[in-house]
Amino acid sequence: MRVAFVEWPEALEANSAEWDGIADRLIAARPDILITNELPFGHWIAEQPAFDAEHSQQSIDAHEKGLEALAGLGIPAILSSRPVRAEGLLVNEAVAIENSVVRPVHRKHYFPEEPGWYEASWYVPGSDGFTASAVGGLTVGVMLCTDAMFNEHARSYGRQGASLIAIPRAAGTATENWLTAGKMAAIVSGGYVVSSNRVGRSRNGTVFGGTGFAFAPDGALLAVTNPSDPLQVIEIDPERASRQRSEYPCYVRG
Numbered sequence: 005m006r007v008a009f010v011e012w013p014e015a016l017e018a019n020s021a022e023w024d025g026i027a028d029r030l031i032a033a034r035p036d037i038l039i040t041n042e043l044p045f046g047h048w049i050a051e052q053p054a055f056d057a058e059h060s061q062q063s064i065d066a067h068e069k070g071l072e073a074l075a076g077l078g079i080p081a082i083l084s085s086r087p088v089r090a091e092g093l094l095v096n097e098a099v100a101i102e103n104s105v106v107r108p109v110h111r112k113h114y115f116p117e118e119p120g121w122y123e124a125s126w127y128v129p130g131s132d133g134f135t136a137s138a139v140g141g142l143t144v145g146v147m148l149c150t151d152a153m154f155n156e157h158a159r160s161y162g163r164q165g166a167s168l169i170a171i172p173r174a175a176g177t178a179t180e181n182w183l184t185a186g187k188m189a190a191i192v193s194g195g196y197v198v199s200s201n202r203v204g205r206s207r208n209g210t211v212f213g214g215t216g217f218a219f220a221p222d223g224a225l226l227a228v229t230n231p232s233d234p235l236q237v238i239e240i241d242p243e244r245a246s247r248q249r250s251e252y253p254c255y256v257r258g
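Going letter by letter, the sequence shown gives residues 5 to 258 in this note's numbering.
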């Protein structure tokens, strides 16, 4: 099964010339599953320290158009995320797109609150837990960006039989910790771990570091994206993940 992951530019807009180039590359790559970066469309709104209703609506609108454009690519399964109104703020909701149908699969739980990433001021935590979903014929777990820093959830996904853990990100340029988090998520879950990230500089100067990555079930690094290769595709074998879950440390019960 072919899984694609990416680094997509800040302020990406559906139906733009930039999007058309991205879409052409995706269609040519013919993945079975695409994992996008976190909140991939429109400006990064959480760099502002205070919630703003107008900007939040602009993000909602950009993602409605963006998810429609994703659904039109003809890729069998896509994992992405979108902003949804909740409790006077937003939730960051991971979605699966299959057969042009968009359905929620997870809501982000953990949010930073620092320059460039004032997410706790914009989003309320999800309350739906970390439950694996059937996506593209696989059992899949999703952790949205900072969720991946809490490794107990990757372990839980492994125990639920997840062959693939997707980590859409909108992270900065310090990528070493993210690579470590991805590697450990693979080691403790026994699943493939695949992450896409935003790249570029926002209108207020927040810099995103790209470097999408994929790890095998044993923690081996398979591939990373870079400016010259912003789209990567790996082959995954669900049986390999199943076998790895019987190996150390996955079998250890606590």
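Ideal placement from N, C-alpha and C gives every residue a C-beta, glycine not left out.
Computed from a predicted structure; not experimentally measured.
*Just mark Tyr255 as buried or exposed, buried being the case when its beta carbon has 16 or more other beta carbons within 10 Å.*
exposed
DSSP state of Gln52, grouped into three classes?
coil
Pro44, buried or exposed, once every other Cβ within 10 Å from all chains shown has been counted against 16: buried
Beta-carbon within less than 8 Å of Ser136's beta-carbon, same chain only, minus the 5 sequence neighbours each way: which residues are those? Note that residue 136 is Ala in the sequence shown, not Ser. Once the five neighbours on either side are set aside, the close Cβ partners of Ala136 are Thr143, Val144, Gly145, Tyr161, Gln164, Gly165, Ala166.
Quick one: give me the first and last residue of the beta strand (DSSP E) that Trp12 is part of. 6-13
- Going by alpha carbons, who is nearest to Glu243 out of Pro221, Leu16, Asn230? Pro221
Coil, strand or helix - Pro87 by DSSP:
strand
What are the start and end residues of the alpha helix (DSSP H) that includes Asn181?
180-193
Item to check | Proximal residues to Ser63 (C-beta, below 6 Å), its chain only, five neighbours per side dropped | outcome: Gly46, Ile49, Pro87
message = Looking at Asn230: is its Cβ nearer than 8 Å to the Cβ of Phe212?
response = no
message: Pull the bridge partners of Arg107 from the DSSP assignment, please.
response: Ala100
Using the Cβ count rule (16 or more neighbours within 10 Å means buried), how would you classify Leu168?
buried
- Task: Go through its chain and collect everything with a Cβ distance to Thr40's Cβ below 8 Å, but skip five positions before and after it.
- Result: Val10, Trp12, Leu74, Ile82, Leu83, Ser84, Ser85, Pro172, Ser200
Shortest alpha-carbon distance to Asp241 belongs to which of Tyr122, Thr150, Val99, Asp36?
Asp36
Q.
Looking only at its chain, what residues have a beta carbon closer than 7 Å to the beta carbon of Leu16, apart from the 5 residues adjacent to it on each side?
A. Glu22, Trp23, Pro44, Phe45
* Starting from the C-beta of Asp151, find all residues in its chain whose C-beta is less than 7 Å away, skip the five residues before and the five after it, and write them out in chain order. => Lys112, His113, Tyr114, His157
In chain order, which beta strand (DSSP E) runs of at least 3 residues are fully inside the stretch 104-174? 105-111, 137-139, 142-146, 168-172
* Asked: Between Ala175 and the rest of its own chain, which residues show a CB-CB distance below 8 Å, the 5 nearest in sequence each way excluded?
  -> Cys149, Trp182, Asn201, Arg202, Phe212, Gly213
| message | If you follow the beta strand (DSSP E) that Ser200 is in, where does it begin and where does it stop? | response | 196-205
**Message:** Which residue marks the beginning of the beta strand (DSSP E) containing Glu239, and which one marks its end?
**Reply:** 235-239
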